[in-house]
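Participant: Mapping of the sequence shown onto our numbering: residues 7 to 302, in sequence order. Even glycine gets a Cβ: it sits at the ideal position worked out from N, Cα and C.
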Amino acid sequence: MAFIGVEFEEGGIAVVSYKWLTPRRKQTFWTPYKKQDKYYKSLKLQDSPDEHKSSLHNVVRNIFKTDGCEKALKKIKEAEATSDLQSDVDDTNQKKRRRVARKLYDSDSESDATNDNSVLPRPPLLKFKKKSNLGRFSKSTIIDCDDTPSVSTLSCLSTPVSFAERKSEDPYNIIPVESTKMIIKLLYELKEQNKKILSYITSQNTAIGSNLLPDVPVGLPLKNEQDINLFEQYLPKRENSFTLCDYLSSVGGKDGTSLTNNILKRCLTNQLAFSFSFKGKGVNKLFVDFYVKKTV
């Protein structure tokens, strides 16, 4: 059977889909919708319940079972108005009284009672205890609801509390003065640290800038004998020699040999380097006689 009339343990009766019942049919999920038309639509389509949003209620017994949605709604209305409907699980022919569930509406006007968008009657609210762990609020607060909620109860529950009201009542939203001072102090320290970091980065950028290729009369590495002659005229000046040393000091290497080779590659091309004698042998010009050797 697709549609089942059930009686809740807290009181009240309603039509539910067989998909809403738990496997043992002792409990049923109830849709989170507040509008009557959305409830009817979910019931007719037999939507599967969202276990995270739907509430779970105990079922005392099944009143009837039927395949038609309209037929089920008609039967539940008869059960609300009279007490003639029998339970299919009752073995006796004795008629049982049915509690007439009050219908709740979202408006005070009587004309809204026939509107399809009227508020859906909900199962009775459960009793529960709400405990607070905050000092003077540590005593348990018991919230007790009637078996059948009244219109005033519904309006109280459905009326949202403003953020300002919640904030004023919640002691967690109040930041102590000591904590505020500590936060300000930490922010100030972070600001000072950022200044030091920016200053250090700026100084590093300046140092790196001094190691850029100096303004020499010829391009490096030197390519021919004419380039080295012009370079030899440039290096004797003290400031020019220091500038070239700063530039070459940025060259790295794994050891002394690799460092020297990397510096020579910055200064001379391979073709020009073959025209020099680095060991003092042969007929080539001695590299030791040039200013560039002293700089290297």
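Can you pull the DSSP bridge partners for A20?
Facilitator: DSSP output for A20 lists V12 as bridge partner(s).
Participant: Looking only at DSSP bridge pairs, what is W36 linked to?
Facilitator: Bridge partners of W36: S61.
Participant: Between which two residues does the alpha helix (DSSP H) containing Q42 stretch?
Facilitator: Per DSSP, Q42 belongs to the alpha helix (DSSP H) from 42–51.
Participant: Please confirm whether L241 and L228 have their CB atoms less than 8 Å apart.
Facilitator: For L241 and L228, no; Cβs fall outside 8 Å.
Participant: Using a threshold of 8 Å, state whether the C-beta atoms of P310 and K59 are closer than that.
Facilitator: Residue 310 is absent from the model: the chain starts at 7 and stops at 302.
Participant: If you scan the stretch 222–287 from start to end, which runs of the alpha helix (DSSP H) of 4 or more residues do you find wholly inside it?
Facilitator: 231–240, 244–254, 262–273, 276–279, all fully within the stretch 222–287.
Participant: Judging by CA-CA distance, which residue of E198, S247, F9 is the nearest neighbour of G74?
Facilitator: Here the closest residue by C-alpha is F9.
Participant: Find out if the Cβ-Cβ distance for the pair E13, I69 is shorter than 8 Å.
Facilitator: It is a contact, given that the beta carbons lie within the stated cut-off.
Participant: I'd like to check one pair, L270 with A279: are the Cβ atoms closer than 8 Å?
Facilitator: Yes, the Cβ-Cβ distance between A279 and L270 is below 8 Å.
Participant: Drop a sphere of 10 angstroms on the beta-carbon of K47, count the other beta-carbons inside from all chains shown, and report buried for 16 or more, exposed for fewer.
Facilitator: When all chains shown are included, K47 counts as exposed.
Participant: Can you name, in chain order, every residue of its own chain whose Cβ lies under 6 Å from the Cβ of A20, other than the five neighbours on each side?
Facilitator: Correct list: empty, nothing qualifies.
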